[in-house]
Amino acid sequence: MTVYYRPLAQIGPIRPAQARSIAGTWAWFTHVAELSRGAPARIIPADAVPSHILERLTSPRPPIAGLTLDRPRVMGILNLTPDSFSDGGRFTDPAAALAQVHNMLAEGADILDLGGESTRPGAVEVAIDEEIARTAPVIVAMRDNGVTAPISIDTRKSAVAAAALAAGANVINDVSAFHFDPDMQGVAARSGAPVCLMHAQGLPENMQDDPDYDEVLLDVYDSLETSVKAAEAAGIPREKILVDPGIGFGKRDTHNMALINGISLFHALGCPILLGVSRKASIGRIGGIEAAHERGAASAAIGLFALGQGVQMLRVHDTEVHRQMIALWSAAMEGAA
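In the numbering used here, the protein residues as written are 807 to 1143.
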């Protein structure tokens, strides 16, 4: 029987002597929820966790693309597509894209995530040449205009990733966790770039048709663990891998909320966690917010919960809203402005 260990995260400067840091972050724990399939959770002290799992839960994560992970990081989204669910077409013009880049950096983005193919539910695949044409020139323009911040390429395709890295990108963000294109592992390994592996059930064309899980938190954990091990076998060290539970990618609202509620479990993979909930349909349905562009504050509310669980990076559209949230949350957590 497989046993899983989810740290029961707490935050704040007053800690008991036996408290252990979660992955070198601001969050800490003294107990864990011991989970197994078909059985009720048990609460056990941290010292009772197997040593190799405890090491993964507590070891500080190395920097990703030069970004230390001892404070919350914001990944700003730049959709270079005509059909994104929330801002499709707004930034397809290179000048508009570059202006948005500078806006997000000024508002506190630490890293920028560029995508040339929408992966919203029902989206169809974009040809490789078209996806490269949408992304690589913008990356070149960013670097030519003095942008030094890390750039992530959001793609499932190895040729697109290779072109983006050649243009100046630093990170590969693959929503298929290398399952869509078998050549992606090789491109990533040879480049030495950090990667983000996200869980998805199905393809964008069909992923919301009938999502089904036995126990979604454990199912997604097992899938990501398999993906991380496969990436390691391909030559990508675990220290260069982020994981993302894939909110909205083949999940119903109940699945999404179960993953967010238990997200501290994913620290046991020994990788930083990236969470992307920004403006998603679940936010709209649960919050009663029809227009995607009005979901920034509600998205930040989920981000606030995630930070309390030691999640290191939030992928967001509304960078200013999240900058404000993190500033106030940090001050309140430490009890000082």
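We put the beta carbon where it would ideally sit given N, CA and C, even for glycine.
Rounded to the nearest angstrom, how far is the Cβ of residue i from that of residue j, given a contact under 8 Å?
{"i": "Asp-1059", "j": "Met-1004", "result": "That pair is no contact at about 18 Å."}
{"i": "Ile-959", "j": "Val-966", "result": "7 Å"}
{"i": "Leu-875", "j": "Gln-1118", "result": "4 Å"}
{"i": "Ala-1006", "j": "Gly-1068", "result": "Their Cβ separation, rounded to whole angstroms, is 18 Å, which puts Ala-1006 and Gly-1068 out of contact at 8 Å."}
{"i": "Tyr-810", "j": "Ser-842", "result": "7 Å"}
{"i": "Arg-1101", "j": "Gly-1090", "result": "6 Å"}
{"i": "Ile-1042", "j": "Ala-995", "result": "5 Å"}
{"i": "Arg-862", "j": "Leu-1065", "result": "That belief does not hold up - the Cβ atoms of Arg-862 and Leu-1065 are roughly 19 Å apart, past 8 Å."}
{"i": "Ala-847", "j": "Ala-839", "result": "5 Å"}
Tell me which residues share the same chain as residue i and place their Cβ nearer than 7 Å to its Cβ, disregarding the 5 neighbours each side in the sequence.
{"i": "Val-946", "result": "Ala-973, Gly-974"}
{"i": "Ala-903", "result": "Leu-884, Leu-886, Phe-897, Val-944"}
{"i": "Val-993", "result": "Ser-964, Ala-967, Ala-968"}
{"i": "Glu-1140", "result": "Pro-819"}
{"i": "Gly-1082", "result": "Asp-1050, Ile-1053, Arg-1121"}
{"i": "Leu-1071", "result": "Tyr-810, Arg-812, Leu-1023, Tyr-1027"}
{"i": "Ser-1105", "result": "Val-1083, Ser-1084, Arg-1085, Ile-1089, Val-1122, Asp-1124"}
{"i": "Phe-1111", "result": "Ile-1066"}
I'd like the list of long-range same chain contacts for residue i, defined as Cβ closer than 8 Å, with 5 residues on each side in sequence excluded.
{"i": "Pro-900", "result": "Pro-943, Val-944, Ala-947"}
{"i": "Cys-1002", "result": "Ser-958, Val-977, Ile-978, Asn-979, Asp-980, Ile-1047, Leu-1048, Val-1049, Asp-1050, Leu-1080"}
{"i": "Gly-914", "result": "Val-880, Thr-1125, Glu-1126, His-1128, Arg-1129, Ile-1132"}
{"i": "Gly-1145", "result": "This structure cannot speak to residue 1145, because the chain is shown only from 807 to 1143."}
{"i": "Glu-936", "result": "Gly-922"}
{"i": "Thr-961", "result": "Gly-921, Gly-922, Glu-923, Glu-937, Thr-941, Ala-967, Ala-970, Ile-978, Asn-979, Asp-980"}
{"i": "Ala-955", "result": "Leu-911, Ala-915, Asp-916, Ile-917, Leu-918"}
Can you tell which of the options has its C-alpha closest to the C-alpha of residue i?
{"i": "Leu-873", "options": "Ile-959, Met-1063, Pro-813, Lys-1046", "result": "Lys-1046"}
{"i": "Phe-984", "options": "Ile-859, Pro-1017, Val-930, Ala-1039", "result": "Ala-1039"}
{"i": "Asp-1020", "options": "Ala-995, His-1061, Ala-1112", "result": "His-1061"}
{"i": "Gly-922", "options": "Gln-906, Arg-940, Leu-814", "result": "Arg-940"}
{"i": "Asp-950", "options": "Ala-929, Val-907, Ser-924", "result": "Val-907"}
{"i": "Ala-823", "options": "Phe-835, Thr-831, Pro-846", "result": "Phe-835"}
{"i": "Ile-1151", "options": "Ala-999, Leu-971, Ala-929", "result": "This structure does not reach residue 1151, given that the chain is present from 807 up to 1143, and the question cannot be answered."}
{"i": "Met-990", "options": "Leu-1110, Ser-1033, Ala-845, Val-953", "result": "Ser-1033"}
{"i": "Ala-845", "options": "Asn-909, Ile-1092, Asp-1025, Met-807", "result": "Met-807"}
{"i": "Ser-997", "options": "Lys-1057, Asp-1015, Ser-982, Leu-971", "result": "Leu-971"}
{"i": "Leu-918", "options": "Ser-1136, Ala-929, Ala-905", "result": "Ala-905"}
{"i": "Gln-1014", "options": "Glu-1031, Cys-1077, Gly-1056", "result": "Gly-1056"}
{"i": "Ala-1037", "options": "Met-1063, Ser-982, Asp-1018, Pro-1017", "result": "Ser-982"}
{"i": "Ile-777", "options": "Val-930, Asp-1018, His-1073, Ala-1103", "result": "This structure cannot speak to residue 777, because the chain is shown only from 807 to 1143."}
{"i": "Met-1063", "options": "Glu-931, Ala-1107, Val-953, Cys-1077", "result": "Ala-1107"}
{"i": "Gly-928", "options": "Asp-1016, Val-953, Gly-882", "result": "Asp-1016"}
Excluding sequence positions up to five away, which residues of its chain have a Cβ less than 6 Å from the Cβ of residue i?
{"i": "Lys-963", "result": "Ile-934, Asp-987"}
{"i": "Pro-851", "result": "His-837"}
{"i": "Pro-868", "result": "Glu-1045"}
{"i": "Ile-938", "result": "Val-966, Ala-969"}
{"i": "Ala-1097", "result": "none"}
{"i": "Ala-833", "result": "Ala-815, Ile-817, Gly-1116"}
{"i": "Pro-878", "result": "Leu-1113, Ile-1132"}
{"i": "Ala-825", "result": "Trp-834, Thr-836"}
{"i": "Ser-1029", "result": "His-1005"}
{"i": "Gly-882", "result": "Met-910, Ala-915, Leu-918, Thr-1125"}
In this structure, how does DSSP classify residue i when only helix, strand and coil are distinguished?
{"i": "Ser-982", "result": "coil"}
{"i": "Trp-832", "result": "coil"}
{"i": "Arg-1101", "result": "coil"}
{"i": "Asn-885", "result": "strand"}
{"i": "Gln-906", "result": "helix"}
{"i": "Asp-1025", "result": "helix"}
{"i": "Gly-818", "result": "coil"}
{"i": "Ile-870", "result": "strand"}
{"i": "Ser-827", "result": "strand"}
{"i": "Gly-1109", "result": "helix"}
{"i": "Pro-1043", "result": "coil"}
{"i": "Ile-1095", "result": "coil"}
{"i": "Pro-1017", "result": "coil"}
{"i": "Thr-1032", "result": "helix"}
{"i": "Gln-1130", "result": "helix"}
{"i": "Val-855", "result": "coil"}
{"i": "Ala-933", "result": "coil"}
{"i": "Glu-913", "result": "coil"}
{"i": "Asp-950", "result": "helix"}
{"i": "Pro-988", "result": "coil"}
{"i": "Ile-945", "result": "helix"}
{"i": "Ser-964", "result": "helix"}
{"i": "Asp-1059", "result": "helix"}
{"i": "Val-993", "result": "helix"}
{"i": "Ser-865", "result": "coil"}
{"i": "Leu-1065", "result": "helix"}
Could you tell me which residues DSSP pairs with residue i in its beta bridges?
{"i": "Gly-1082", "result": "Paired residue(s): none; Gly-1082 is not in a bridge."}
{"i": "Glu-840", "result": "Tyr-811, Arg-848"}
{"i": "Cys-1002", "result": "Asn-979, Leu-1048"}
{"i": "Arg-877", "result": "According to DSSP, Arg-877 bridges with nothing at all."}
{"i": "Ile-959", "result": "Leu-920, Ile-978"}
{"i": "Val-1122", "result": "Gly-882"}
Measuring only from the beta carbon, is residue i closer than 7 Å to any heavy atom that is part of the ligand SAM?
{"i": "Pro-866", "result": "Ligands are entirely absent from the displayed structure, and the ligand SAM is therefore not among its contents."}
Closer than 8 Å, CB to CB, is residue i near chain D or not?
{"i": "Phe-984", "result": "Protein chains in the displayed structure number just one, and chain D is not present."}
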